[in-house]
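Chemist: Per the numbering used here, the sequence shown starts with residue 3, numbered consecutively. Here it is, the structure in full.
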Amino acid sequence: MSFKAKFSIYIFMIVLAMFILIVILDQYAALRNMNQDMEEVMEQASAKLSDSFDQHPGWTSDVAALRDDPEFEPNEMQDLLKKLYPDLEEVTVFRPDSTGIMSEDKVLFGTYTFKDEAKDMAYAAQVAEKGFQVREVNWNGKEYIKSYYSDASLAPYVIGMVYDCEEYNQIMSMKRMDAMTYAGVILLFVLISSYLLAGFMLRPLNAILWKVNEVSLGRFQTAIKVRGKDEFGLLALKINAMSQNLSIYMEKLRQAFEDNRQMKEYLQSFIDHTSDAIHVVDLQGKFIQVNKAFEQLFGYTSEEVFGAEIELVPDTHRGEMRLIINSLQEGKVLPAQETIRMTKSGEIIPVSVTISPIRDTEGVIQAFASITRDMRSRNRMEELLRRSEKLTTVGQLAAGVAHEIRNPLTTLRGFLQLQQHTGKMNLEHTGLMLSELDRINLIVGEFLILAKPQATRFAPRDVRDVFRSVLSLIDSEGHLHNVTFTTSFTEAPCLVSCEENQLKQVFINLLKNGIEAMPSGGRIHTHIASKNDQITISITDEGIGIPDDMIPKIGNPFFTGKESGTGLGMMISQRIIHSHQGLMEIKSQVNVGTTIIITLPALKEGNANGILVEGLDKHSANVG
């Protein structure tokens, strides 16, 4: 059905509803008015008849004799009322009885044809209070109206009158038919007028519908001709502007689609041709996408893994993987993790894995993408580099040891030749030779400590307890050199994973260096603090200090600022701290003092297991 027809029907239905409401209200008002008029007429007629009885005070005793007397005024009034009101069917004057039965001797005037004793007695009782009552009566299939009237002069008698409603109903039917006729004519006029009006009003809409159809087909060039400035004209202008904007947006959309297509092809080409293995899994662990490098690295085909749950993580690293996934779901960004993975054949290979979440437009994680790099080649190269560096270090150490030992050997040879030539033993020369031998022994001992690999057992220890035990050992030596120790330790636990003896060796070396840096005595301040999952140990002396140009060289083999030192002590201390995943920082000012700050990672709560590491240079955290 067209909008034009719908509009006409809507208008017709609205007007029809209004007319029906008006007719109902009109009929109701007319019926109410006619009822009121009839009740007034019936009450007036009853009052006139009552007045006629009031002029004959003794009528009740002579009622039988006066009933047929034409000159009896109530009889004349009755005849007059029937002439005035042709619908008046019966007049009855009766006296109510408490028994509820209307006997003939109770009817004093008129007739009692329309008999309904029970209701007549009930209404008569109400008239004694209200004076006038009306009710509808149905007699032999016809409708009548019966009134009841009484006043002070007439009481306790009641006048009952019965009126025929046929003429009354005919009048109401005629009024109803007239109203329906008028309504039908008006409604027909409204229907035709609304149809023509809808056609006139909807003419501009046809052009708008045509334009909308053109836009839906992707044709935006032709514009609507605007002929008015009403709402339809404004709508036409807006549709022309919308069509122009859609044309621009469609062109941008085509360009964006083309750019997205090219980007998708570029990314797909990158994924397919990169040497790193890439795979995407959903939240249930099912594979969504893999590239060719993944197939080559792990030995699975894309058909085997698509939609399946393939375990690439060995059992020993399942807990680590769960921690990574939980961290990503909490919004953390994780760097590449060096770990191990298992191929289809069961081979365990070292890899570097970067896992990133894939989110939808609302930021909800839908999948995880993993980039896996084979680290076997790199590890072999690093092993070769480490061997090369070890050979270089050994060469440097050998050259340093040879240089350091050659000087005391030359002294020993010279003294021995002198004593051989003179044939006498010089005790002074013997003391010097023993001193040079002790120096050679010191150099060889420290060299052996440095070169010998040891199996180190890491265990949880409180740094404060380790430092206090060192202070109790070295306190006596401090007193000999007029050096006092001051401490400032935090009350919070300072647990670290460490090899206690090695850590003591570092603290002893640093405290001895502080004592030796203060020939005239002084104080050494020690401070231990815990902050941001790190334990900080600082040792500050009041000694001669170290020049700025010498600080970067500290830790090199045989570099020292002391006359009797070898430089190997600081080298060993630095390597011990590095093996504990810590840092050592040196700050110094000449003639003011030196501060050495050691930072160690705090042991996380719940991790109380030690770590067995072969050699100082092999300790590293295995992540991923």
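Where a beta carbon is used, it is the ideal one built from N, C-alpha and C, also for glycine.
Could you give the residue range of the beta strand (DSSP E) that holds R137?
Modeler: Translated into the one-based positions of the sequence shown, residue 137 becomes position 135. F134 to W141 is the span of the beta strand (DSSP E), which, as asked, contains R137.
Chemist: So for K294, helix, strand or coil by DSSP?
Modeler: Counting from 1 along the sequence shown, the entry for residue 294 is found at position 292. Of the three classes helix, strand and coil, the one that applies to K294 here is helix, per DSSP.
Chemist: What do you get for Y146, buried or exposed, if any count of 16 or more other CB atoms within 10 angstroms of its CB means buried?
Modeler: Within the sequence shown, numbered from 1, the residue matching residue 146 stands at position 144. Flag for Y146 reads buried.
Chemist: What do you reckon, are the CB atoms on E544 and G480 nearer than 8 Å?
Modeler: As a working mapping, residue 544 is identified with position 542 in the sequence shown. As a working mapping, residue 480 is identified with position 478 in the sequence shown. For E544 and G480, no; Cβs fall outside 8 Å.
Chemist: Would you report the Cα separation of I350 and N443, rounded to the nearest angstrom?
Modeler: Here residue 350 refers to the residue found at position 348 when the sequence shown is read from its first residue. Here residue 443 refers to the residue found at position 441 when the sequence shown is read from its first residue. Their backbone Cα atoms lie some 47 Å apart in a straight line.
Chemist: Could you tell me whether the segment 178-190 touches the segment 138-158, where touching means 3 or more Cβ pairs closer than 8 Å?
Modeler: The segment 178-190 makes no contact with the segment 138-158, as fewer than three CB pairs between them are under 8 Å.
Chemist: Over what stretch of residues does the beta strand (DSSP E) that includes E544 continue unbroken?
Modeler: Taking the first residue of the sequence shown as 1, we reach residue 544 at position 542. Note, E544: premise wrong, no beta strand (DSSP E); not H, not E.
Chemist: Keeping to the same chain, check which residues put their C-beta closer than 6 Å to that of S304; ignore five residues upstream and five downstream.
Modeler: To locate residue 304, count along the sequence shown from 1; it is residue 302. Counting only Cβ-Cβ distances below 6 Å, and skipping sequence neighbours, we find V292.
Chemist: Return the first residue and the last residue of the beta strand (DSSP E) that S517 is part of.
Modeler: As a working note, residue 517 is residue 515 in the sequence shown. In the sequence on display, residue 517 carries Ile and not Ser. Not the beta strand (DSSP E): I517 falls in the alpha helix (DSSP H), residues E502 to E518.
Chemist: Report yes or no: do the segment 468-479 and the segment 509-518 share at least 3 C-beta pairs separated by less than 8 Å?
Modeler: yes
Chemist: Do you know how far the Cα of K266 is from the Cα of N247?
Modeler: Here the question's residue 247 lines up with position 245 in the sequence shown. Here the question's residue 266 lines up with position 264 in the sequence shown. Taking the straight line from one Cα to the other gives about 28 Å.
Chemist: Residues in its own chain within less than 6 Å of T356 by CB, not counting five upstream and five downstream?
Modeler: What you label residue 356 is simply residue 354 of the sequence shown in a count that begins at 1. Within the same chain, T356 has close Cβ partners A338 and I373.
Chemist: Below 8 Å CB to CB, which residues in the same chain sit around F222 once its five sequence neighbours on both sides are set aside?
Modeler: The sequence position of residue 222 within the sequence shown is 220, counting from 1. Contacts found: E216, S245, Q246, L248, S249 and M252.
Chemist: On a Cα-Cα basis, can you pick out the residue from E92, I548 and A258 that is closest to T113?
Modeler: Here the question's residue 113 lines up with position 111 in the sequence shown. Among E92, I548 and A258, the Cα nearest to that of T113 is on E92.
Chemist: Is the segment 462-470 close to the segment 524-543, with three or more CB pairs under 8 Å?
Modeler: Short answer: they touch.
Chemist: Drop a sphere of 10 angstroms on the beta-carbon of T341, count the other beta-carbons inside from all chains shown, and report buried for 16 or more, exposed for fewer.
Modeler: As a working note, residue 341 is residue 339 in the sequence shown. Result: buried.
Chemist: Run the CB neighbour count on T183, radius 10 Å, all protein chains shown included, and call it buried at 16 or more, exposed below.
Modeler: Indexing the sequence shown from 1 puts residue 183 at position 181. Result: exposed.
Chemist: Give me the DSSP bridge partner(s) of E587.
Modeler: Reading the sequence shown from its first residue, position 585 is the one you call residue 587. BP columns for E587 point to I599.
Chemist: What is the DSSP secondary structure of T432, counted as helix, strand or coil?
Modeler: Taking the first residue of the sequence shown as position 1, residue 432 is located at position 430. Of the three classes helix, strand and coil, the one that applies to T432 here is helix, per DSSP.
Chemist: Quickly, what does DSSP pair V95 with across the bridge? List them, please.
Modeler: Within the sequence shown, the letter at position 93 stands for residue 95. V95 is bridged to F111 and I161.
Chemist: Give a yes or no on contact between the segment 168-182 and the segment 26-40, applying the rule of three or more CB pairs nearer than 8 Å.
Modeler: yes
Chemist: Once DSSP output is grouped into helix, strand and coil, what is the label at H527?
Modeler: Locating residue 527 in the sequence shown gives position 525, where the first residue counts as 1. Looking at H527 - three-state DSSP - the assignment turns out to be strand.
Chemist: Where does the unbroken alpha helix (DSSP H) through I476 begin, and where does it stop?
Modeler: To locate residue 476, count along the sequence shown from 1; it is residue 474. Segment V465 to L482, the alpha helix (DSSP H) holding I476.
Chemist: What would DSSP say about R361, mapped onto helix, strand or coil?
Modeler: Position 359 of the sequence shown holds residue 361. DSSP, reduced to helix, strand and coil, places R361 within a strand of the structure shown.
Chemist: Does the Cβ of I360 have 16 or more other Cβ atoms within 10 Å, making it buried, or fewer, making it exposed?
Modeler: Residue numbering aside, residue 360 sits at position 358 when the sequence shown is read from its first letter. I360 sits exposed, since fewer than 16 C-beta atoms from the chains shown fall within 10 Å of its C-beta.
Chemist: In chain order, which beta strand (DSSP E) runs of at least 3 residues are fully inside the segment 284-350?
Modeler: If we require 3 residues or more, the beta strand (DSSP E) runs fully inside the segment 284-350 come out as 289-292 and 339-344.
Chemist: Is the separation between the beta-carbon of K589 and that of T601 shorter than 8 Å?
Modeler: Counted from its first residue, the sequence shown places residue 589 at position 587. Counted from its first residue, the sequence shown places residue 601 at position 599. With contacts defined as CB atoms closer than 8 Å, K589 and T601 fail to qualify as a contacting pair.
Chemist: Compare the Cα-Cα distances from S379 to each of S354, I539 and E502 and report the closest residue.
Modeler: Start at 1 with the first residue of the sequence shown, and residue 379 comes out as number 377. S379 has its Cα closest to that of S354, out of S354, I539 and E502.
Chemist: Quick one: what's got a C-beta closer than 8 Å to E502's C-beta in the same chain, skipping five residues either side?
Modeler: Numbered from 1 along the sequence shown, position 500 holds the residue referred to as residue 502. Cβ neighbours of E502 within its own chain (closer than 8 Å, five residues either side excluded): A461, R463 and V468.
Chemist: Is S155 helix, strand or coil by DSSP?
Modeler: Taking the first residue of the sequence shown as 1, we reach residue 155 at position 153. If DSSP states are grouped into helix, strand and coil, S155 belongs with coil.
Chemist: What alpha helix (DSSP H) runs, 4 residues minimum, are completely inside the segment 184-259?
Modeler: DSSP runs (the alpha helix (DSSP H)) wholly in the segment 184-259: 205-218.
Chemist: DSSP three-state label for V663, please.
Modeler: The structure shown does not extend to residue 663, since the chain spans only 3 to 626, so no value can be given for it.
Chemist: Leaving out the 5 sequence neighbours to the left and right, which residues in its chain are closer than 7 Å to T115 when beta-carbon positions are compared?
Modeler: Translated into the one-based positions of the sequence shown, residue 115 becomes position 113. So the qualifying residues of the chain are E92.
Chemist: What residues are listed by DSSP as bridge partners for A371?
Modeler: Taking the sequence shown and counting its residues from 1, one reaches residue 371 at position 369. Bridge pairing for A371: V282 and S358 [DSSP].
Chemist: Quick one: Cα of E138 to Cα of S196, how far?
Modeler: Sequence index remark: in the sequence shown, residue 138 carries index 136 (1-based). Sequence index remark: in the sequence shown, residue 196 carries index 194 (1-based). Approximately 46 Å, taken between the alpha carbons.
Chemist: Output needed for Q583: all residues of its chain with C-beta closer than 6 Å, excluding positions within five of it in sequence on either side, in chain order.
Modeler: Locating residue 583 in the sequence shown gives position 581, where the first residue counts as 1. Result list for Q583: P603, in chain order.
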